[in-house]
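*Asks:* Attaching a single structure in structure tokens format; questions to follow.
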Amino acid sequence: MSSLAKTSNGGERPRLLHESALPIVDSVADRSFPPTSLATLPIIEPTPELLSELAKVSASLETASPQDILQWAVERFGDRFTMATAFGPEGMTIIHILSEIAPKTPIFNLDTGYQFPETLALRERIKERYGIEVEYKRHPLSVEEYERLNGGPVYRNEPNRCCADRKLSVLKEAARGMLAWASAIRRDQSPDRAVAPIVGWDKKFQLVKVSPLANWTKKQVWGMITSLDIPYNPLHDAGYMSIGCWPCTRSVSLGEDERAGRWSGTNKTECGLHTQD
Ligand code: SF4
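The opening position of the sequence shown corresponds to residue 1 in this note's numbering, with each subsequent residue numbered one higher.
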């Protein structure tokens, strides 16, 4: 093996620590998506060796480009690398990069049933632009059934339970058989996200979590969207900086934090996908 590896712009760099094999136990015969049998699913275990290796990989990728970080992830995890997207600007940026380096990466959206029509329309725009079909993953109960069972909208009084039911449980199921997932978080979005590694162990979902934009700023993300004409949610032009479900999202005023419009008026700041509690 050469001591040099290629970079995304055709140059060369020293081979990184992560280019040694991680101790992943891959049991498996079944590589269909979604996997058909629990008995044949690949397994990734958070052994001390794996955690130490992930920490080294993450440190070695601190100054790498999002392209190189994603390239590492798709080479390392192959068809067991996936991405969940809410079609935010960061997610759209990652989808654009994946369309160039690994367009077959399975990408899914947690369709809570409460997303804005403008958000859902992005799925079609992605298909037209990149030929990528983002798969919807949904709770088994429709919004109508869920609200009927719970005596009304759960988001009003128990948003944590609503997110747990309609997002977290759905992601857990969608992640079955996967080894790693891409997240679109940036460290400068919130104190919760400020400590996110580039590559780390996601205890909640029992996967390796890769955050290729952790070190990017909002300006960098929008710079790439503008220069490459990447599709984005038109609600951003109407003051919606961070967009989630319509009952829990409002537009923000100049000077407000970019996530101030999420669960506004409550002390909830995250849906729970990116916290480890
Ligand atoms: Fe429910 Fe609001 Fe969470 Fe969407 S963001 S799942 S509507 S609580």
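We put the CB at the ideal spot given by N, CA and C, even for glycine.
1. Identify which residue in SER65, LEU50, LEU254 has its Cα closest to the Cα of GLN220.
2. List the whole-angstrom C-beta distance separating SER211 from ILE230, where the pair is believed to meet the contact cut-off of C-beta under 8 Å.
3. Of the residues ARG123, GLU100, GLU158, which one's Cα is nearest the Cα of ASP283?
4. With a Cβ-Cβ cutoff of 7 Å, do CYS162 and CYS271 count as a contact?
5. Name the residue from ALA182, GLY200, PHE81 whose alpha carbon lies nearest to the alpha carbon of GLY91.
6. From the DSSP secondary-structure annotation, give me the bridge partner or partners of GLN115.
7. Is LYS104 buried or exposed, if buried means 16 or more other CB atoms sit within 10 Å of its CB?
8. May I ask you to report which of helix, strand or coil DSSP gives MET83?
9. Identify which residue in ALA180, LEU168, ILE97, GLY152 has its Cα closest to the Cα of ILE126.
10. Taking 6 Å as the limit between beta carbons, can you name the residues of its chain near THR266, skipping five residues before and five after?
11. Of all residues in the structure, which have a C-beta closer than 6 Å to any heavy atom of ligand 1, taken in chain order?
12. Can you look up VAL252 in the DSSP assignment and give me helix, strand or coil?
13. DSSP three-state label for TYR240, please.
14. Between TYR114 and SER190, what straight-line distance do the alpha-carbon atoms span, to the nearest angstrom?
15. Please report how far the alpha carbon of SER253 lies from the alpha carbon of THR269, in whole angstroms.
16. Suppose contacts are defined by Cβ-Cβ distances below 7 Å. Is PRO140 in contact with GLU147 by that definition?
17. So, at 6 Å on beta carbons, what are the nonlocal neighbours of VAL143 in its own chain, with the 5 sequence-adjacent residues on each side left out?
18. If you count every other CB in all the chains shown that lies within 10 Å of the CB of ARG123, and 16 or more means buried, which is it?
19. Roughly how many angstroms lie between the CA atoms of SER32 and ALA175, to the nearest whole one?
20. Tell me which same chain residues have a C-beta within less than 8 Å of the C-beta of ASN160, skipping the five on either side of it?
21. Apart from the five residues just before and just after PHE205, which ones in its own chain have a Cβ nearer than 8 Å to its Cβ?
22. I'd like to check one pair, ALA84 with PHE108: are the Cβ atoms closer than 7 Å?
23. Within 10 angstroms of the Cβ of THR63, are there 16 or more other Cβ atoms? Answer buried if so, exposed if not.
24. Considering just the uninterrupted stretch of the alpha helix (DSSP H) at ASP229, what are its terminal residues?
25. If we call anything under 7 Å between Cβ atoms a contact, is CYS248 one with TYR155?
*Replies:* Let's see:
1. Position 220 of the sequence shown, counting from 1, holds the residue named residue 220. Comparing Cα positions, the closest option is SER65.
2. Looking up residue 211 in the sequence shown gives position 211. Looking up residue 230 in the sequence shown gives position 230. The pair is not a contact, with the Cβ atoms about 19 Å apart (cut-off 8 Å).
3. Outside the modelled stretch of the chain, which goes from 1 to 277, sits residue 283, for which no answer is possible.
4. By 1-based counting over the sequence shown, the position of residue 162 is 162. By 1-based counting over the sequence shown, the position of residue 271 is 271. The answer is no: Cβ separation not under 7 Å.
5. Within the sequence shown, numbered from 1, the residue matching residue 91 stands at position 91. Ranked by how close their Cα comes to the Cα of GLY91, the residues ALA182, GLY200, PHE81 have ALA182 in first place.
6. On the sequence shown, residue 115 is found 115 positions in, with the first residue counted as 1. Looking at the DSSP assignment, GLN115 forms a beta bridge with CYS245.
7. Indexing the sequence shown from 1 puts residue 104 at position 104. So LYS104 counts as exposed.
8. As a working note, residue 83 is residue 83 in the sequence shown. The answer is strand: DSSP assigns MET83 an E or B state.
9. Counted from its first residue, the sequence shown places residue 126 at position 126. Closest option to ILE126, Cα to Cα, is ILE97.
10. In the sequence shown, counting from the first residue as 1, residue 266 sits at position 266. Setting aside the 5 residues that flank it on each side, THR266 has no residue in the same chain whose C-beta is closer than 6 Å to its C-beta.
11. One residue after another in chain order, those with a Cβ under 6 Å from a heavy atom of ligand 1 are THR112, TYR114, TYR155, PRO159, CYS162, CYS163, ARG166, LYS167, GLY244, CYS245, PRO247, CYS248, CYS271.
12. Numbered from 1 along the sequence shown, position 252 holds the residue referred to as residue 252. Reduced to three states, the DSSP call for VAL252 is coil.
13. For the purposes of this step, residue 240 is identified with residue 240 of the sequence shown, where counting begins at 1. Coil, per DSSP.
14. Taking the sequence shown and counting its residues from 1, one reaches residue 114 at position 114. Taking the sequence shown and counting its residues from 1, one reaches residue 190 at position 190. A direct Cα-Cα distance of roughly 24 Å separates TYR114 from SER190.
15. Position 253 of the sequence shown, counted from the start, is the residue given in the question as residue 253. Position 269 of the sequence shown, counted from the start, is the residue given in the question as residue 269. The alpha-carbon atoms of SER253 and THR269 are separated by roughly 17 Å.
16. Locating residue 140 in the sequence shown gives position 140, where the first residue counts as 1. Locating residue 147 in the sequence shown gives position 147, where the first residue counts as 1. For PRO140 and GLU147, no; Cβs fall outside 7 Å.
17. Within the sequence shown, residue 143 is the residue found at index 143, counting from 1. Result list for VAL143: GLY113, in chain order.
18. As a working mapping, residue 123 is identified with position 123 in the sequence shown. Under a 10 Å Cβ-count criterion, ARG123 is classified as buried, with 16 or more other Cβ atoms of the shown protein chains found around its own Cβ.
19. Sequence index remark: in the sequence shown, residue 32 carries index 32 (1-based). Sequence index remark: in the sequence shown, residue 175 carries index 175 (1-based). Any reading at SER32 is ruled out, since the residue's pLDDT is 42, under 50, leaving its predicted position unreliable.
20. By one-based count along the sequence shown, residue 160 stands at place 160. Here ASN160 has LYS268, GLY272 as same chain residues with Cβ atoms under 8 Å from its own Cβ, once five neighbours each way along the sequence are excluded.
21. Position 205 of the sequence shown, counted from the start, is the residue given in the question as residue 205. So the qualifying residues of the chain are LEU171, LYS172, ALA175, TRP181.
22. The count along the sequence shown starts at 1 and reaches residue 108 at position 108. The count along the sequence shown starts at 1 and reaches residue 84 at position 84. It is a contact, given that the beta carbons lie within the stated cut-off.
23. In the sequence shown, counting from the first residue as 1, residue 63 sits at position 63. The residue is exposed, with fewer than 16 neighbouring Cβ atoms inside 10 Å.
24. Sequence index remark: in the sequence shown, residue 229 carries index 229 (1-based). Under the DSSP assignment, ASP229 falls outside any alpha helix (DSSP H); it carries neither an H nor an E label.
25. Sequence index remark: in the sequence shown, residue 248 carries index 248 (1-based). Sequence index remark: in the sequence shown, residue 155 carries index 155 (1-based). In contact: CYS248 and TYR155 (Cβ atoms closer than 7 Å).
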